[in-house]
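Colleague: Numbering (our numbering), first residue to last: 2 to 217. Backbone N, C-alpha and C fix where the C-beta goes; we use that ideal spot for every residue, glycine too. Since the structure is predicted, the reported quantities are computational estimates derived from the model, not experimental observations. Quick one: the structure is below, questions incoming.
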Amino acid sequence: MDVIATFYKQGGAWMHPILAMSIIGLGIMIERFIFLYFKYNINASAFMAQIQKLVMANNIDRAIKLCSAAPSAALPRVIKAGLMRANKGPDEIQNAVEEATLEIVPIVTKRTTVLQQIANIATLLGLLGTILGLIAAFDALKNPNIPADQRQSMLAGGIAMAMNTTAFGLIVAIPCLIAQVFLTSVTKKIIDEIDQYSVRLENLLVSRLHGNAGEN
Numbered sequence: 002m003d004v005i006a007t008f009y010k011q012g013g014a015w016m017h018p019i020l021a022m023s024i025i026g027l028g029i030m031i032e033r034f035i036f037l038y039f040k041y042n043i044n045a046s047a048f049m050a051q052i053q054k055l056v057m058a059n060n061i062d063r064a065i066k067l068c069s070a071a072p073s074a075a076l077p078r079v080i081k082a083g084l085m086r087a088n089k090g091p092d093e094i095q096n097a098v099e100e101a102t103l104e105i106v107p108i109v110t111k112r113t114t115v116l117q118q119i120a121n122i123a124t125l126l127g128l129l130g131t132i133l134g135l136i137a138a139f140d141a142l143k144n145p146n147i148p149a150d151q152r153q154s155m156l157a158g159g160i161a162m163a164m165n166t167t168a169f170g171l172i173v174a175i176p177c178l179i180a181q182v183f184l185t186s187v188t189k190k191i192i193d194e195i196d197q198y199s200v201r202l203e204n205l206l207v208s209r210l211h212g213n214a215g216e217n
């Protein structure tokens, strides 16, 4: 802990905004991880296999209840919107699915790209601290009025500030970028599943409508 405290103190005032970026980034990582992995995500293939069975058995009410059993998951919300219009025309089914998709996609994707911005800001703040630290070090070298021992201390302080702010900026930026890669892949998976299975649902419901019309 003493090493960390010394490292932070030697970095100077610019360590504070970098620390703030790390706290914000960590909060976003935890929030997005919980929502994307545990709330919005679902075993899409197994879920749609059940929905397909129920639709083909003309049991729309049970299919809707199945969707309602996972109210937070992204795919069931879109599928439920289509099922609610199951007895309407193809256009109404498609419009309901598209409207639900447009509503859910921004919720799934929000704040994921912020991690890249936080990484960029942390890196730039570290670079700014580096520049200011080097300026302080060179000022100490070129000032003849400063005693030699004090000049050496100021030079070491400036270099420490330059190195520590750069290091801290990268320590914050790298995990943010790694987290963004993982979270973006999960986000893409969820959206791809919505696109794929919403089209499958539309085809199922339209086939059902045509089958019912043929029987009548």
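1) Among Ser208, Arg209, Leu210 and Tyr198, which residue has its Cα nearest to the Cα of Val98?
2) Could you check whether Leu116 and Ile29 sit closer than 7 Å to each other, using their CB atoms as the reference points?
3) Can you list, in chain order, the residues of its chain with a C-beta nearer than 7 Å to that of Thr131? Leave out the 5 residues immediately preceding and following it.
4) Only counting the same chain, and skipping five residues up and downstream in sequence, which positions put a Cβ closer than 7 Å to that of Thr102?
5) Between Ile119 and Cys177, is the Cβ-Cβ spacing less than 7 Å?
6) Under 7 Å, do Leu184 and Ala87 count as touching if we go by C-beta distance?
7) Which residue comes first and which comes last in the alpha helix (DSSP H) that contains Arg63?
8) Buried or exposed: Leu142, going by 16 or more other Cβ atoms within 10 Å of its Cβ?
9) Put Thr113 into one of helix, strand or coil per three-state DSSP.
Modeller: To lay it out plainly:
1) Tyr198
2) yes
3) Result list for Thr131: Ala163, Thr166 and Thr167, in chain order.
4) Val79, Ile195 and Ser199
5) One thing to note: Ile119 has its Cβ within 7 Å of the Cβ of Cys177.
6) no
7) Arg63 -> alpha helix (DSSP H) spans Ile61 to Ser69.
8) exposed
9) coil
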